[in-house]
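**Student:** Structure below; questions to follow.
Residue numbers (my numbering): 1 to 480.
So this is what it looks like as structure tokens:
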């Protein structure tokens with residue numbers, strides 16, 4: 001079994017095995033003509049359940065054959081131009097190369113003596129991102145597993161900075177369409193059930209600053225503590241961007257920590273055309289970025305940034321076996337000193353490889369393409385009497401619903417849209433997402449693939465309309 005350990009004696013085995021795997025994936029990508037096969041849980045689960053993990057196949061080719069049957073054939077492929085559902089981007093090749101390197105070397109980014117150059121590369125990328133945001137010379141941060149962890153850590157720092165012992169008095173303000181991780185973080189941080197105040201949004205799904213000011217004033221009058229305001233730069237459902245400068249001003253006025261959840265909108269940091277849409281982000285106390293959403297990186301590749309590096313001390317614990325206090329005075333850079341995680345992958349390498357091959361402008365140009373595509377999609381939807389579209393996009397998301405000419409019952413229209421999404425997924429021809437707006441069911445395109453065209457959008461809209469019309473026709477037949 002030692003022949004499977006990666007070391008100086010098994011490099012040829014490593015080369016052959018990885019090459020065979022890469023060739024399988026490359027062949028699959030080349031042959032994929034739709035984003036999904038339409039396989040159901042009932043079809044796939046028995047194939048996986050039948051595998052006896054205590055009886056290994058002992059042959060890489062046989063294992064890859066099996067993997068084709070239980071995974072590769074039926075995977076949802078985000079690179080396909082008609083995958084239009086969630087915040088999953090196609091990935092760039094330099095980042096995939098970085099993934100291969102980091103997995104093989106297997107550095108752990110918690111301490112210097114496990115990572116060396118990896119530590120410095122991650123710190124350089126944090127400095128680069130902080131400079132792109134404009135957080136100033138005292139900024140710092142750390143890579144995380146994703147936006148949920150970044151938001152949790154930011155709110156942990158905000159909680160500690162209040163220096164308030166009575167957690168029941170703390171309040172967090174976020175728009176009513178902010179990410180659910182805000183509520184989850186509040187619960188994990190021991191805040192009360194009323195801690196998160198949902199601030200109404202305007203027609204464009206942006207936080208209403210008048211309403212925020214009102215809620216902050218109510219908080220002050222009640223003797224409560226405004227722990228943080230979470231401004232969103234790219235909501236999950238709508239891609240909407242809260243008015244960051246105005247929110248920053250209110251945070252300064254009321255002494256609240258300003259956190260910007262830019263997990264989605266961070267692509268604008270590299271944009272050649274639309275960077276101004278997140279003006280004001282430089283006034284934040286902390287920022288969440290998900291490179292694996294709009295920098296075209298493989299999962300996971302994310303970070304939390306802070307204006308004042310000293311605030312990261314709230315996540316610092318010292319263990320004698322790992323990062324004893326003396327290492328601080330010895331100026332040994334241990335990333336675990338500022339991370340919620342201990343063992344942590346060298347995910348920063350993927351972004352490093354991308355920037356060194358493509359440059360920030362290359363990433364920004366790709367993100368600008370999907371923002372431009374969303375604007376074109378908006379025009380298509382606005383001109384199509386079959387659909388109602390909600391918000392003109394700030395990023396690359398379109399929320400809409402099919403509206404039949406002959407049906408006026410909102411509940412029946414809901415069912416038609418739900419059916420259309422389900423039928424489309426089952427066909428495998430395209431994958432779209434869904435959400436609710438004012439209690440009604442809507443569909444969603446999240447456009448993150450520069451290979452997607454307006455022709456793809458038009459074709460998928462026609463498929464949606466066709467499925468919805470089929471449902472309504474069958475429903476009418478049943479009623480008769």
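Glycine included, every Cβ here is placed at the ideal spot set by N, Cα and C.
Expressed to the nearest angstrom, what Euclidean distance is found between the alpha-carbon atoms of residue 410 and residue 465?
**Tutor:** Start at 1 with the first residue of the chain shown, and residue 410 comes out as number 410. Start at 1 with the first residue of the chain shown, and residue 465 comes out as number 465. Their backbone Cα atoms lie some 16 Å apart in a straight line.
**Student:** Between residue 193 and residue 187, what straight-line distance do the alpha-carbon atoms span, to the nearest angstrom?
**Tutor:** As a first step, residue 193 is located in the chain shown; it is residue number 193 there, counting from the start. As a first step, residue 187 is located in the chain shown; it is residue number 187 there, counting from the start. For residue 193 and residue 187, the distance between alpha carbons rounds to 7 Å.
**Student:** Cutting at 7 Å between CB atoms, please list the residues of its own chain near residue 121, excluding the five before and the five after it.
**Tutor:** What you label residue 121 is simply residue 121 of the chain shown in a count that begins at 1. Around residue 121: 348, 349 and 352.
**Student:** Using the C-alpha atoms, what's the distance from residue 152 back to residue 180?
**Tutor:** If you number the chain shown from 1, residue 180 lands on position 180. If you number the chain shown from 1, residue 152 lands on position 152. Each residue's Cα considered, the two are about 11 Å apart.
**Student:** As an exercise, report each continuous beta strand (DSSP E) stretch of at least 3 residues that is fully enclosed by the segment 196-224, in chain order.
**Tutor:** Counting only runs that start and end inside the segment 196-224, the beta strand (DSSP E) elements of at least 3 residues fall at 196-199.
**Student:** Answer yes or no: do residue 247 and residue 394 have a C-beta to C-beta separation smaller than 7 Å?
**Tutor:** Here residue 247 is taken as the residue at index 247 of the chain shown, counted from 1. Here residue 394 is taken as the residue at index 394 of the chain shown, counted from 1. No; because the gap between Cβ atoms is not below 7 Å, this pair is not in contact.
**Student:** Give me the residue from 380, 290, 57 and 67 with the minimum Cα distance to residue 48.
**Tutor:** As a first step, residue 48 is located in the chain shown; it is residue number 48 there, counting from the start. Considering only alpha carbons, the answer is 67.
**Student:** Cβ of residue 367 within 6 Å of any heavy atom in the ligand SAM?
**Tutor:** Absent from the structure shown: the ligand SAM. Ligands present: none.
**Student:** Answer with buried or exposed for residue 212, where buried requires no fewer than 16 other C-beta atoms within 10 angstroms of its C-beta.
**Tutor:** Taking the first residue of the chain shown as 1, we reach residue 212 at position 212. Buried, by the Cβ-count rule.
**Student:** From residue 459 to residue 473, what does the alpha carbon distance come to, in whole angstroms?
**Tutor:** Here the question's residue 459 lines up with position 459 in the chain shown. Here the question's residue 473 lines up with position 473 in the chain shown. Cα to Cα, residue 459 sits roughly 21 Å from residue 473.
**Student:** Name the residue from 81, 52, 14 and 11 whose alpha carbon lies nearest to the alpha carbon of residue 451.
**Tutor:** Stepping through the chain shown from its first residue, residue 451 is reached at position 451. Among 81, 52, 14 and 11, the Cα nearest to that of residue 451 is on 81.
**Student:** Give me, in chain order, the residues of the same chain whose beta-carbon lies closer than 7 Å to that of residue 437; leave out the 5 immediate sequence neighbours on both sides.
**Tutor:** Counting from one through the chain shown, the residue named residue 437 turns up at place 437. 390 and 399, listed in sequence order.
**Student:** Residue 443 to residue 72, Cα distance in whole Å?
**Tutor:** Indexing the chain shown from 1 puts residue 443 at position 443. Indexing the chain shown from 1 puts residue 72 at position 72. It is roughly 27 Å from the alpha-carbon of residue 443 to the alpha-carbon of residue 72.
**Student:** Between the Cα of residue 299 and those of 461, 52, 98 and 427, spot the shortest distance and give me the residue it belongs to.
**Tutor:** The residue given as residue 299 occupies position 299 in the chain shown. Of 461, 52, 98 and 427, the residue nearest in Cα terms is 98.
**Student:** Let me make sure I understand the geometry here. Which of 232, 107, 216 and 141 has the alpha-carbon closest to that of residue 206?
**Tutor:** Taking the first residue of the chain shown as position 1, residue 206 is located at position 206. Of the candidates 232, 107, 216 and 141, the one whose C-alpha sits nearest the C-alpha of residue 206 is 232.
**Student:** What are the boundary residues of the beta strand (DSSP E) that residue 60 is part of?
**Tutor:** Counting from 1 along the chain shown, the entry for residue 60 is found at position 60. From DSSP, residue 60 is part of no beta strand (DSSP E) but of the alpha helix (DSSP H) over 60-67.
**Student:** Which of helix, strand or coil does DSSP assign to residue 178?
**Tutor:** Numbered from its first residue, the chain shown carries residue 178 at position 178. Coil.
**Student:** Which first and last residues belong to the beta strand (DSSP E) in which residue 284 is found?
**Tutor:** The residue given as residue 284 occupies position 284 in the chain shown. Neither: residue 284 is in no beta strand (DSSP E) and is coded neither H nor E.
**Student:** CB-CB under 7 Å to residue 369, same chain, minus the five flanking residues each way: which ones, in chain order?
**Tutor:** Working through the chain shown from its first residue, we reach residue 369 at position 369. Hits under 7 Å: 450.
**Student:** DSSP three-state label for residue 480, please.
**Tutor:** In the chain shown, residue 480 corresponds to position 480, counting from 1. Interpretation of residue 480 is limited by its pLDDT of 49, a score under 50 that renders its predicted location unreliable; the figure taken from the coordinates is listed afterwards. Of the three classes helix, strand and coil, the one that applies to residue 480 here is coil, per DSSP.
**Student:** Count the other CB atoms within 10 Å of the CB of residue 1; is the residue buried (16 or more) or exposed (fewer)?
**Tutor:** Reading the chain shown from its first residue, position 1 is the one you call residue 1. Residue 1 comes out exposed.
**Student:** So if DSSP puts residue 440 in a beta bridge, which residue, or which two residues, is it bridged to?
**Tutor:** The sequence position of residue 440 within the chain shown is 440, counting from 1. For residue 440, which the question treats as bridged, DSSP gives the partners 437.
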